[in-house]
Amino acid sequence: MKLKLHWQILIAMALAWLFQLLAGESSRIVEPLGVLFIRLLKMIIIPLVVLSIMTGVAGVGDPKKLGRLGIKTLAYYLGTSLLAILLGLALVNLIQPGKVADLPPDLSFSSEQLHKPDSPLDVLIRMVPVNPFAAAAEGDILGLIFFSIVIGFGITQVSERIREKILPPIDAAFQVVMQVVHVIIRLAPIGVFGLIVRMLNQDLGTAFFKAVGLYMVTLTAGLSIHFLIVLPLIYYLFLRKNPLEQFRHMASALATVFATSSSLAALPVTMQCVEDNIGVPNKVAGFVLPLGATINMDGTALFECVGVLFIAQVMGIPLGADQQFLVVLTALLASIGAAAVPSSGLVMIFIVLDAVGIQGEMVGVIVGTMLAVDRPLDMYRGLVNIFSDSVGAVIIAKSEGEELTPKVR
């Protein structure tokens with residue numbers, strides 16, 4: 000029987016410890032495996048973010064035709080994602096999990112390399128690339144995100160006949176990129192093996208592992224607050240109903256996404272729960288939920304914010320209010336392009352890191368360690384994403400005056 004990926008990664012970690020212990024300095028020969036893995040992840044970022052955002056925005060359809068339903072859906076999804084990011088920002092600044100890492104001075108990062116916007120307006124100016132191709136060559140992620148959103152919006156404005164010609168090749172290219180992402184993610188055990196050996200050879204000490212543990216606690220706390228407090232509170236404020244009912248109605252969908260870590264894989268079950276158990280009409284659920292599985296990633300957005308600030312703290316990089324604003328903005332936009340597949344958020348985290356200017360070999364080591372412990376966190380993020388979609392579907396249906404008549408009692 001083939002082992003699941005997270006077990007392969009855990010075994011790779013154990014083997015890396017054993018190999019470094021036995022081989023000592025000679026173990027450095029396998030360090031390039033980790034470097035190659037990180038380079039593969041970075042290689043696929045630009046095509047992934049451009050194509051996923053284009054297809055996501057184009058999939059929304061013509062805003063003129065969407066009317067109130069589309070506006071409400073987009074407002075809810077952007078609003079809850081922003082709340083999740085701000086929650087993560089508050090917790091990671093309060094707990095500061097990366098501060099306990101205490102890296103050696105020779106591994107520190109020069110803050111002069113950071114992108115420091117003069118003002119929020121400077122960030123908005125940076126978002127508009129003069130030359131999209133130059134932006135791609137220079138790794139200007141914010142510019143590429145904005146360009147992709149504009150092109151996606153442009154696709155929604157052309158006639159149906161032209162749109163039917165444009166969308167299929169873009170979607171096909173996106174599917175090809177996603178297959179490459181799947182292949183790269185399957186190489187994670189080999190990459191983690193090299194990265195863990197590299198980390199052990201740098202003698203980061205036990206404090207680093209305490210920091211990783213505290214990072215997991217911080218992220219879990221943020222996801223729990225959003226999942227168990229923020230979303231139920233939104234549900235109650237809009238519907239004046241007991242949110243425990245929503246958890247009960249969505250139980251099978253939550254179990255499915257917890258097992259698969261994929262919002263898209265759980266989408267059929269999610270739609271069945273929302274339509275049959277809650278009674279949301281298909282005309283609402285059929286629009287809100289597929290769109291949510293593509294662009295509404297509350298858990299992923301929260302993770303990207305916490306993850307980037309954790310990496311900055313570990314490397315001793317002080318991020319001011321302007322740079323944290325840049326993190327919030329990029330995490331919000333990147334979450335729209337975070338494909339609904341396992342561990343895609345960990346790939347997209349490089350987008351936020353590049354936007355702020357955090358680079359260097361230590362980034363790869365830290366991200367590799369985060370990947371090693373990411374499986375349970377990724378499963379939890381999936382729960383948050385799906386539950387947020389379902390709450391949005393119910394709220395929007397009620398706001399449209401729909402009667403919620405469950406098909407299953």
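When we follow numbering that gives the first Met the number 0, the leftmost residue of the sequence shown carries the number 0, and every step to the right adds one. Glycine residues also receive a C-beta, built at the ideal position from the N, C-alpha and C atoms.
Report the three-state DSSP secondary structure of residue i (helix, strand or coil).
| i | result |
| --- | --- |
| LYS1 | coil |
| ASN200 | helix |
| ASP139 | coil |
| THR259 | helix |
| VAL182 | helix |
| ARG433 | Since the first residue shown for the chain is 0 and the last is 408, residue 433 is missing from the structure and cannot be characterised. |
| GLU360 | helix |
| ALA284 | helix |
| ASN276 | helix |
| MET369 | helix |
| MET413 | Any answer about residue 413 is impossible in this case: the structure gives the chain only from 0 up to 408. |
| ILE316 | coil |
| THR155 | helix |
| LEU90 | helix |
| VAL99 | helix |
| GLU244 | helix |
| PRO405 | coil |
| PRO128 | coil |
| MET249 | coil |
Measure the beta-carbon distance from residue i to residue j and round it to whole angstroms, keeping in mind my assumption that it falls under 8 Å.
| i | j | result |
| --- | --- | --- |
| PHE226 | LEU382 | 6 Å |
| SER387 | LEU230 | 6 Å |
| ILE84 | LEU331 | 6 Å |
| GLY472 | VAL29 | This structure does not reach residue 472, given that the chain is present from 0 up to 408, and the question cannot be answered. |
| GLY33 | GLY363 | 6 Å |
| LEU288 | ALA392 | 6 Å |
| VAL99 | LEU213 | 6 Å |
| VAL305 | VAL91 | 5 Å |
| ALA292 | SER334 | Contact flag wrong, Cβ pair sits at about 13 Å. |
| LEU222 | GLY142 | Not confirmed; about 30 Å, so no contact. |
| MET53 | ILE144 | In fact, because the Cβ distance is near 11 Å, the residues do not count as touching under 8 Å. |
| THR219 | ILE94 | That belief does not hold up - the Cβ atoms of THR219 and ILE94 are roughly 11 Å apart, past 8 Å. |
| LEU75 | ILE294 | Residue identity differs from the one stated: residue 75 is Tyr in this sequence, not Leu. About 11 Å; that fails the 8 Å criterion. |
| ARG27 | ASN200 | 6 Å |
| ALA187 | LEU50 | In fact, because the Cβ distance is near 22 Å, the residues do not count as touching under 8 Å. |
Counting along the chain, where does the alpha helix (DSSP H) carrying residue i start and finish?
| i | result |
| --- | --- |
| SER389 | 373-398 |
| CYS304 | 297-313 |
| LEU222 | 205-224 |
| GLN271 | 266-271 |
Query raised in the report: Is the stretch 147-156 in contact with the stretch 45-59, if contact means three or more CB pairs nearer than 8 Å?
Result: Because the criterion of three Cβ pairs below 8 Å is met, the stretch 147-156 and the stretch 45-59 touch.
Query raised in the report: Would the stretch 235-254 and the stretch 371-385 be scored as touching if the rule is three or more Cβ pairs under 8 Å?
Result: Enough Cβ pairs lie closer than 8 Å, so yes.
Query raised in the report: Would you call the stretch 346-361 and the stretch 237-249 in contact, with 3 or more CB pairs under 8 Å?
Result: Touching, no, given that fewer than three Cβ pairs across the two stretches are closer than 8 Å.
**Report entry** Meets three-Cβ-pair contact criterion under 8 Å: the stretch 2-20 and the stretch 300-315
**Finding:** Output reads no: the stretch 300-315 does not touch the stretch 2-20.
Requested in this report: Decide yes or no for the touch test of the stretch 359-378 against the stretch 277-288: beta carbon pairs closer than 8 Å, at least 3 of them.
Outcome: Segment contact: the stretch 359-378 against the stretch 277-288, fewer than three CB-CB distances shorter than 8 Å; contact not assigned.
**Report entry** Cβ pair count under 8 Å reaching 3, the stretch 270-279 against the stretch 319-330
**Finding:** Not touching, per the Cβ criterion.
Query raised in the report: Can you find at least 3 beta carbon pairs, one from the stretch 19-37 and one from the stretch 127-144, that sit closer than 8 Å?
Result: Cβ pair count under 8 Å is below three, so no.
Report task. Check whether the stretch 66-75 touches the stretch 174-183, taking contact to mean three or more Cβ pairs, one atom from each stretch, closer than 8 Å. Result -> No contact exists between the stretch 66-75 and the stretch 174-183.
Query raised in the report: On the three-pair Cβ rule with 8 Å, is the stretch 7-19 touching the stretch 161-170?
Result: Flag = no, the stretch 7-19 and the stretch 161-170 do not touch.
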